[in-house]
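Residue numbers for the sequence shown follow the numbering used here, beginning at 6 and rising by one. For each residue, glycine too, the CB sits at the ideal point set by N, CA and C. Owing to the predicted nature of the structure, the values given are computational and were not obtained by experimental measurement.
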Amino acid sequence: MEDFAAFILSHNRPDRIKTYKTLRKHGYTGRIIILVDNEDPAQEEYKKLYGDQVIIFDKRDIASRTDSGDNFQTYRGVIYARNANFEIAERLGIKYFIQLDDDYTDFRYRRNNLGANIESGVHYIKNLDNVFSSMVEFYKNTSILSVAMAQGGDFIGGEGRDRPSRKVMNSFVCGTDRPFKFVGRINEDVNTYVLLGSQGKIFLTTMLLSLQQTQTKSKKGGMT
6 MEDFAAFILS
16 HNRPDRIKTY
26 KTLRKHGYTG
36 RIIILVDNED
46 PAQEEYKKLY
56 GDQVIIFDKR
66 DIASRTDSGD
76 NFQTYRGVIY
86 ARNANFEIAE
96 RLGIKYFIQL
106 DDDYTDFRYR
116 RNNLGANIES
126 GVHYIKNLDN
136 VFSSMVEFYK
146 NTSILSVAMA
156 QGGDFIGGEG
166 RDRPSRKVMN
176 SFVCGTDRPF
186 KFVGRINEDV
196 NTYVLLGSQG
206 KIFLTTMLLS
216 LQQTQTKSKK
226 GGMT
């Protein structure tokens, strides 16, 4: 897809972007852009490692147009990169994109080719190009604001956890023709799908696919 790119949002971890290698390992051959803010102390290191794949955005400019949900006058949080992503994609002529965190270790199928739940073993995705293309095609032919892959925790509860979920976290497939604003500096993803969902906007997580990431809130340099 010439008008598609995968954006990896990162901050101060230039040597620990697991998602980049994971995308390539699972068969994604398209464009990758690493989105970093201009207050990141490691931005030069990002450029040294990834060259023109790195895009720097003005964090204070985006923050001035973002509802952070607090008055702490601090700018830690991924919300600013999430909101900057739409503007940067449009500026680069990218119509559709998937927005990813930087700590994914693999991508998996959760149903087999007969449509049945995969009960045991790990069935890795080997051609992410096809998967992303299918997700974008679904997005284009619906009125949803975003579709995402499931996370491991979405399958807790076993049987019956196979229907699309009205939430989105981590892997947002979006389009520049349907922009929306993330809100609330802490838990910006949940804030956004709850707020906009209450207004009739649709977000969906497909339970056919999932991503695996490092343990939440355990990474050095993260929010916690």
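Please return the same chain residues whose Cβ sits closer than 6 Å to the Cβ of residue i, not counting the five positions on each side in sequence.
| i | result |
| --- | --- |
| residue 149 | 207, 209 |
| residue 172 | 198, 210 |
| residue 82 | 190 |
| residue 72 | 188 |
| residue 218 | 108, 109 |
Taking residue i as part of the alpha helix (DSSP H), name the residues at either end of that continuous run.
| i | result |
| --- | --- |
| residue 111 | Careful: residue 111 lies outside any alpha helix (DSSP H), inside the beta strand (DSSP E) at 109–114. |
Assuming residue i contacts residue j under a Cβ cut-off of 8 Å, what Cβ separation, rounded to an integer in Å, is found between them?
| i | j | result |
| --- | --- | --- |
| residue 129 | residue 111 | 6 Å |
| residue 151 | residue 179 | 5 Å |
| residue 37 | residue 25 | 6 Å |
Check this for me: beta carbons of residue i and residue j, under 8 Å apart or not?
| i | j | result |
| --- | --- | --- |
| residue 156 | residue 215 | yes |
| residue 159 | residue 13 | no |
| residue 10 | residue 28 | no |
| residue 99 | residue 8 | yes |
Between which residues of its own chain and residue i is the CB-CB distance below 8 Å, once the five residues before and five after are set aside?
| i | result |
| --- | --- |
| residue 196 | 74, 187, 188, 189 |
| residue 170 | 155, 159, 209, 210, 212 |
Going along the chain, which residues of its own chain have a beta-carbon closer than 7 Å to the beta-carbon of residue i, five neighbours each way excluded?
| i | result |
| --- | --- |
| residue 127 | 113 |
| residue 34 | 134 |
| residue 67 | 85, 88, 89 |
| residue 64 | 42, 43, 44, 80, 85 |
| residue 131 | 31, 32 |
Return the first residue and the last residue of the beta strand (DSSP E) that residue i is part of.
| i | result |
| --- | --- |
| residue 141 | From DSSP, residue 141 is part of no beta strand (DSSP E) but of the alpha helix (DSSP H) over 133–145. |
| residue 215 | 208–218 |
Quick check: the region 46–57 against the region 85–105, are at least 3 beta-carbon pairs closer than 8 Å? In this structure the region 85–105 does not lie against the region 46–57, because fewer than three pairs of beta carbons, one per stretch, are closer than 8 Å.
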